[in-house]
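Asker:
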Amino acid sequence: MKFFILAKFTEPKLLDDGVDEKTKILNTYFNVTGGKIDKVKEIKRLQSELTLEDIQKHLVRERPRAKIIEFTILTKPNTRWVQGEYYAHDYDAFVAGRARLIKWTSDFKTLEVECLDKSKYVMDGVWDYSELGNIHDNGSGDKFYPNKPIK
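Numbering (the numbering used here), first residue to last: 421 to 571.
#1: Apart from the five residues just before and just after Asn-447, which ones in its own chain have a Cβ nearer than 7 Å to its Cβ?
#2: Under the three-state reduction of DSSP, which class applies to His-556: helix, strand or coil?
#3: Could you please give me the residues that DSSP links to Lys-442 through a beta bridge?
#4: Let me check understanding here. Comparing Cα to Cα, which of Val-502, Ala-516, Gln-467, Gly-517 lies closest to Thr-495?
#5: Going along the chain, which residues of its own chain have a beta-carbon closer than 6 Å to the beta-carbon of Ile-542, five neighbours each way excluded?
#6: Apart from the five residues just before and just after Ser-539, which ones in its own chain have a Cβ nearer than 8 Å to its Cβ?
#7: Taking 8 Å as the threshold, find out whether the segment 517-530 comes into contact with the segment 487-506 through three or more Cβ pairs.
#8: On a Cα-Cα basis, can you pick out the residue from Ser-560, Trp-501, Pro-569 that is closest to Leu-552?
#9: Is the beta carbon of Arg-520 closer than 8 Å to that of Trp-547?
#10: Would Pro-566 be called buried (16 or more neighbouring beta carbons within 10 Å of its own) or exposed?
#11: Count the C-beta pairs between the segment 477-493 and the segment 438-453 that are closer than 8 Å, then say yes if the count reaches three, no if not.
#12: How is Glu-482 classed by DSSP in three states: helix, strand or coil?
#13: Could you have a look at Val-515 and say whether DSSP puts it in helix, strand or coil?
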């Protein structure tokens with residue numbers, strides 16, 4: 421079972437002297453194997469054993485100027501994919517795609533989107549999830565239009 425890190429951190433702004441506070445699921449995870457795993461106990465164990473310094477090491481690999489504030493250990497359930505159309509804005513084309521809602525154990529939600537046309541270089545992956553509307557957007561111009569609502 422994979423356990424992920426939800427990190428809350430600050431990062432200096434690029435254009436002025438301020439800082440932004442952000443929340444992100446890091447690309448690092450802990451893989452716990454063997455037998456039946458009690459998810460709640462394992463989350464508590466990892467949460468108590470890991471320190472802010474441990475998580476800072478993982479965070480700076482992705483965000484070199486970031487400073488960790490706090491973290492939470494999460495798991496994600498397996499959910500079903502919803503088919504739909506992926507709009508690849510760099511190609512101005514609609515291609516086959518799919519997405520699924522990921523409801524993390526801390527009530528944090530993300531959307532995992534995949535473009536099924538491997539000839540296109542696109543910005544699929546994990547997107548922010550919004551319950552508003554049926555069209556999902558990654559902020560860079562690509563969009564996903566599901567065939568049915570994603571729940």
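Every residue gets a Cβ at the ideal spot worked out from N, C-alpha and C, and that includes glycine. Every value quoted in this text rests on a predicted model; they were computed, and no experiment measured them.
Answerer: Looking at the coordinates:
#1: Glu-482
#2: strand
#3: Phe-429
#4: Gln-467
#5: Here residue 542 is Val; the residue named in the question, Ile, does not match the sequence. Excluding positions up to five away in sequence, the list reads Ala-508, Cys-535, Asp-562.
#6: none
#7: yes
#8: Pro-569
#9: no
#10: buried
#11: yes
#12: helix
#13: strand
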